[in-house]
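What follows is one structure encoded as structure tokens, with my remarks underneath.
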Amino acid sequence: MNDSISPPHTPSVVGTTLEAHILSGQRGAPGATGEFSSILNAITLGVRIIHSRVRAAGLAGMLGYTGDTNVQGEEVQKLDEFANDVLCTTLERCGRCAMVASEELEQAKVMNESGKYIVCFDPLDGSSNIDVNISIGTIFSILRAQSAGGRLLEGALQPGHKIVAAGYAVYGSATTLTLSTGYGVHGFTLDPAVGEFFLSHPNLKCPERGNTYSINEGNHVRWEEPVRKWNAWIKSEDKAKGLPYGHRYVGSLVADAHRTLMKGGIFAYPADKKSPGGKLRLLYEANPMGFLFEQAGGAATNGIDRILDIEPKALHDRTALVLGSKQDVNGYREFMLAK
Ligand code: P6P
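One point on numbering: in numbering that gives the first Met the number 0, the residue at position 236 of the sequence shown is 235, and numbering is uninterrupted.
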């Protein structure tokens, strides 16, 4: 794909749609068959359908629990199920998707064995916030399907550095889509009157350093000593070092990550006594966010190691996750390595 993913910005009565942005990346890509664009369009159609249902959830009686539980052992809210079904359907119908892996599916789902791409997604992240009208979202990543003779040689269990595209939607005061296809990060905002995403934040960059930290302080008693020392440091008074940082925590990864990407600072969900392997999912949350933060000039680790280098062992692996400005993520890492 060419370097300038977005067409040159010329003032126009019509903004740059997501489709035009994707196609501009497509144009000039050697051997581009449009499969990639078709997959991205299937995902964004799914996001627009989920958007409409999330907006009307209160009226549509979609709030509340189905009474089922997902592979994570969490009660599945109706909207989780709906969002998962929508994305599986739009990706199956586009006919170009080899396989999907979802936080809501115990196993990966083979779709079109001749497809070139695999899509991993968390269909509705932050679902515990649905009933209280706090921002929730959809997180996805796209990997290449290595297949020979129609058999998928390599499934979704690929390290994050193999991701070719990733993004997340935030269903908040506006519905936004933050996307990277490997050439920087670009933000789109849905115009609900038109049903189109328009480029609103080209070339998003995560500041080198921020002044906000985001962590669930309610887990303090469960943290290991290095995390507690970092936490005490970031709240200490030291004007010369720009301390203390302000604290923000929504409890919805897409919201906390989006704010951190836009304004800088650090988000951390460390492993703790309750979640010794970490709480967040490697394939559906950490990897796509790690790809996006690195594309925006930020960093993503498990506290010490680069998230995108972690070799997944199983579809529902969990991990500690630290996202944010390079300086802030490196500062956290120094506490984790200190003897
Ligand atoms: P806690 C939401 O359930 C989620 O998976 C992420 O979106 C969010 O960052 C995290 O869990 C919040 O977890 O334990 O702070 O409520």
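Glycine residues also receive a C-beta, built at the ideal position from the N, C-alpha and C atoms.
Since this is a predicted model, take the numbers as computed values, not measurements.
When the beta-carbon positions are compared, Q326 and R247 stay at least 8 Å from each other.
Collapsing the DSSP output to three states places Q326 in a helix.
A168 has its alpha-carbon roughly 16 Å from the corresponding atom of F81.
Residue state for C87 is assigned as helix, using DSSP reduced to three classes. Distances taken from the Cβ of L252 to the heavy atoms of the ligand P6P include one shorter than 7 Å.
The beta-bridge partner set that DSSP reports for T137 consists of A168. Taking 8 Å as the cut-off, the beta carbon of A298 is found closer than this to the beta carbon of F292. Scanning its chain for C-beta atoms nearer than 8 Å, with the 5 sequence neighbours on each side dropped, one finds around D308 the residues P158, G159 and H160, in chain order. The C-beta distance from I141 to Y116 rounds to 5 Å, short enough to meet the 8 Å contact threshold. Annotation for S134 indicates a beta carbon at 7 Å or more from all heavy atoms of the ligand P6P. Boundaries of the alpha helix (DSSP H) harbouring V226: E224 to I233, taken from the DSSP string. Burial of S36 is indicated by the presence of at least 16 other C-beta atoms within 10 angstroms of its C-beta. For D190, same chain residues with a beta-carbon under 7 Å away, outside a window of 5 residues either side, are F197 in chain order. Shortest Cα-Cα distance from A313 to any of E236, Y331, N329 and R280 involves R280. Where N111 is concerned, there is no enclosing beta strand (DSSP E), because DSSP gives it neither an H nor an E.
Comparing C-alpha distances from M110 to each of S179, Q71 and I38 shows the shortest one belongs to I38. With at least 16 other beta carbons inside 10 angstroms of its own, A319 counts as buried. Assignment of H315 by DSSP, reduced to helix, strand and coil, places it in the coil class. With a contact defined as Cβ atoms closer than 8 Å, I129 and V249 miss out at about 13 Å.
DSSP, read as helix, strand or coil, puts I214 in coil. When C-alpha distances from Q145 are compared across S113, L22, H185 and K262, the shortest belongs to S113. Around the C-beta of H257, 16 or more other C-beta atoms lie within 10 Å, and the residue is accordingly described as buried. Annotation for N202 indicates a beta carbon at 7 Å or more from all heavy atoms of the ligand P6P. Residue environment for Q106: exposed (fewer than 16 other C-beta atoms within 10 angstroms of its C-beta). Take T211, set aside five residues on each side of it, and the residues of its chain with a beta-carbon closer than 6 Å to its own are Y244, G245, R247 and G264, in chain order. In the three-state DSSP reduction, T43 falls in the helix class (H, G or I).
For H246, the pairing in a beta bridge is given by DSSP as Y212. In the structure shown, E195 falls within a strand segment according to DSSP collapsed to helix, strand and coil. In this structure, K77 has its beta carbon at no less than 7 Å from each heavy atom of the ligand P6P.
With contacts defined by Cβ atoms closer than 8 Å, L22 and F187 do not form a contacting pair. In the displayed model, T15 falls within coil according to three-state DSSP, outside both helix and strand. DSSP places V184 within a strand segment (E or B) once states are collapsed to three.
By the Cβ-count criterion, I303 is exposed, with fewer than 16 other Cβ atoms from all chains shown falling within 10 Å of its own Cβ. Shortest gap from the CB of G125 to any heavy atom of the ligand P6P: under 7 Å. By alpha-carbon distance to A254, the top candidate from I138, A192 and G45 is I138. Here D237 is exposed: its Cβ has fewer than 16 other Cβ atoms, across all protein chains shown, within 10 Å.
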